[in-house]
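Here is the structure we will look at.
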Amino acid sequence: MSTVILGIESSCDDTSAAVIADGLLRSNVIASQSVHEEYGGVVPELASRAHQQNIVPVVDAALHRAGVTAADLSAIAFTRGPGLIGSLLVGTSFAKGMALGLGIPIIDVNHLHGHVLSHFVREHEGDRVPAFPYLCLLISGGNSQLIVVRSPEDMEIIGRTIDDAAGEAFDKCAKAMGLPYPGGPHIDRLAAEGDPDRFHFARPHIAGLDYSFSGLKTSFLYTLRDCRKTDPDFVEKNRADLAASLQATIIAILLDKLAKAVDQTGIRTVAIGGGVSANSGVRAAVEAFCASRGIEAFIPARKFTTDNAAMVAMAGYFKYMAGEFCPFDRTPYARTEI
Ligand code: KG4
Numbered sequence: 129m130s131t132v133i134l135g136i137e138s139s140c141d142d143t144s145a146a147v148i149a150d151g152l153l154r155s156n157v158i159a160s161q162s163v164h165e166e167y168g169g170v171v172p173e174l175a176s177r178a179h180q181q182n183i184v185p186v187v188d189a190a191l192h193r194a195g196v197t198a199a200d201l202s203a204i205a206f207t208r209g210p211g212l213i214g215s216l217l218v219g220t221s222f223a224k225g226m227a228l229g230l231g232i233p234i235i236d237v238n239h240l241h242g243h244v245l246s247h248f249v250r251e252h253e254g255d256r257v258p259a260f261p262y263l264c265l266l267i268s269g270g271n272s273q274l275i276v277v278r279s280p281e282d283m284e285i286i287g288r289t290i291d292d293a294a295g296e297a298f299d300k301c302a303k304a305m306g307l308p309y310p311g312g313p314h315i316d317r318l319a320a321e322g323d324p325d326r327f328h329f330a331r332p333h334i335a336g337l338d339y340s341f342s343g344l345k346t347s348f349l350y351t352l353r354d355c356r357k358t359d360p361d362f363v364e365k366n367r368a369d370l371a372a373s374l375q376a377t378i379i380a381i382l383l384d385k386l387a388k389a390v391d392q393t394g395i396r397t398v399a400i401g402g403g404v405s406a407n408s409g410v411r412a413a414v415e416a417f418c419a420s421r422g423i424e425a426f427i428p429a430r431k432f433t434t435d436n437a438a439m440v441a442m443a444g445y446f447k448y449m450a451g452e453f454c455p456f457d458r459t460p461y462a463r464t465e466i
């Protein structure tokens, strides 16, 4: 082994560490935080505290599972932002301390770059990876972006949400239905049994490649409010159809702009990433769209859709190869785009 990168991810509510050795993933350990469930959303202070408890055992397990020791590491890559600042501080400080102790460099990774580059995480030599340039639809709890990826360093956002992200639309509508946080996976499960044509919600008319989900959310909430007036059990009785119709509308919105982006750029490779790319309907729709156009599709394994350190280690690996290291006085940032 010549190049061994430890990746650390702590931007939100998952503490994760992964090892990539010579371009292949050796381990990817994730500790999710259940402490937030009762609050219906991530509580930043609780997230930071849980990261502090988790980070040592998670890194330890990642090294152990990879069959390496700290002495084998070439560099440590960490998520510097965007995310919750207290959470990011835990991963950043840990990476700095460990790297200083070992006398090795650190590499800062933009969390969004990690999602975009997650398609390069290979578990086996033969795993296929996208060719540049590719078009990435990044859909998560905080972002909905269409990105032209020309190289690991050269990314251009050509479309973005002007209000809510796709994940927020899932989560806020799910909350109105009384489903637990995060609601996306619950909508996904319920939608499988529902009629996607039963209800019709607002679809945006935004020019260009930008997204908007707040109109859909409002029309969904108004439908619930109006129907509950005549039948207080309306949501209970129609959960599956509501979920299926909501999911179908979100997919239609996502695919509409994706198709426009393909037409405008002429790019023949499409990848999706971020938490919402775990959605069964989104995955099937993107695959069907690409098949109908003869476009190559990259749909990540579900374990690489949500926050994970494998993608951070991968983005770090690219930077290591390019000789791009991070000074030790850099601090985390809460907000940024690609
Ligand atoms: O990328 P991610 O893990 O982190 C943040 O951006 O915070 O994305 C989280 C989002 C949440 O909105 C969650 O509801 C959504 O991804 N999500 C899903 C599914 N799994 C996660 N949305 C729809 N269907 C799913 N199966």
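For reference, each letter of the sequence shown is one residue, going 129 to 466 in this note's numbering.
Each residue gets a CB set at the ideal place from its N, CA and C atoms; glycine is no exception.
Unbroken beta strand (DSSP E) run spanning residue i, endpoints
i	result
Val404	Segment: none, Val404 is in no beta strand (DSSP E) and carries neither H nor E.
Ser160	Leu152 to Ser160
Asn238	Ile234 to Asn238
Glu173	Not the beta strand (DSSP E): Glu173 falls in the alpha helix (DSSP H), residues Pro172 to Ala194.
Asp142	Asp142 to Ala149
Tyr262	Tyr262 to Ile267
Val468	As displayed, the chain neither begins before 129 nor continues past 466, which places residue 468 out of reach and without an answer.
Thr207	Ala203 to Gly209
Arg476	With the chain running from 129 to 466 in the structure shown, residue 476 is simply not present.
Buried versus exposed call for residue i [16 or more other C-beta atoms within 10 Å across all chains shown]
i	result
Val414	buried
Asp150	exposed
Tyr350	exposed
Ile290	exposed
His328	exposed
Lys431	exposed
Gly306	exposed
Pro308	exposed
Pro460	buried
Val398	buried
Met449	exposed
Val184	exposed
Pro360	exposed
Tyr167	exposed
Ala478	A question about residue 478 goes unanswered here, because the residues of the chain that appear run from 129 up to 466.
Lys357	exposed
Arg253	Before going on, a small fix: residue 253 reads as Glu here, not Arg. Glu253 should be labelled exposed.
Lys447	buried
Met162	The displayed chain sequence assigns Ser, not Met, to residue 162. When all chains shown are included, Ser162 counts as exposed.
Asp325	exposed
Residue i - containing alpha helix (DSSP H), residue span
i	result
Val276	From DSSP, Val276 is part of no alpha helix (DSSP H) but of the beta strand (DSSP E) over Ser272 to Val277.
Asn366	Phe362 to Thr393
Leu217	Ile213 to Leu230
Met305	Per DSSP, Met305 belongs to no alpha helix (DSSP H) and is neither H nor E.
Gly350	First, the residue type needs correcting, since residue 350 is Tyr and not Gly in the sequence shown. First-last of the alpha helix (DSSP H) with Tyr350: Ser342 to Thr358.
Phe426	It is not in any alpha helix (DSSP H) - Phe426 instead sits in the beta strand (DSSP E) that spans Glu424 to Phe426.
Val440	Ala437 to Met449
Arg317	Gly312 to Ala319
Anticipated Cβ contact below 8 Å, residue i with residue j, distance rounded
i	j	result
Arg288	Leu153	Not really, about 30 Å apart at Cβ, beyond 8 Å.
Ala203	Ile136	That pair is no contact at about 11 Å.
Ala406	Thr434	7 Å
His179	Gly209	With 8 Å as the limit, His179 and Gly209 do not qualify as a contact, their Cβ atoms being about 15 Å apart.
Ile466	Ile213	Ile466 to Ile213, Cβ: 19 Å. No contact.
Val186	Ala159	5 Å
Pro428	Gly401	6 Å
Ser144	Val157	6 Å
Ala372	Gly322	3 Å
Cys355	Phe362	4 Å
Quiz item: Okay, do the region 263 to 277 and the region 243 to 252 touch, 3+ Cβ pairs below 8 Å being the bar?
Solution: Between the region 263 to 277 and the region 243 to 252 there are three or more inter-stretch CB-CB distances shorter than 8 Å, so the stretches are counted as touching.
Quiz item: Just checking, does the region 161 to 178 make contact with the region 416 to 433 on the three C-beta pairs under 8 Å criterion?
Solution: With the cut-off at 8 Å, the region 161 to 178 and the region 416 to 433 do not touch.
Quiz item: If we count Cβ pairs, one from each stretch, closer than 8 Å, do we get three or more for the region 305 to 318 versus the region 257 to 264?
Solution: no
Quiz item: Does the pairing of the region 451 to 460 with the region 224 to 243 give three or more beta-carbon distances under 8 Å?
Solution: yes
Practice problem: Count the C-beta pairs between the region 295 to 304 and the region 386 to 397 that are closer than 8 Å, then say yes if the count reaches three, no if not. | Solution: no
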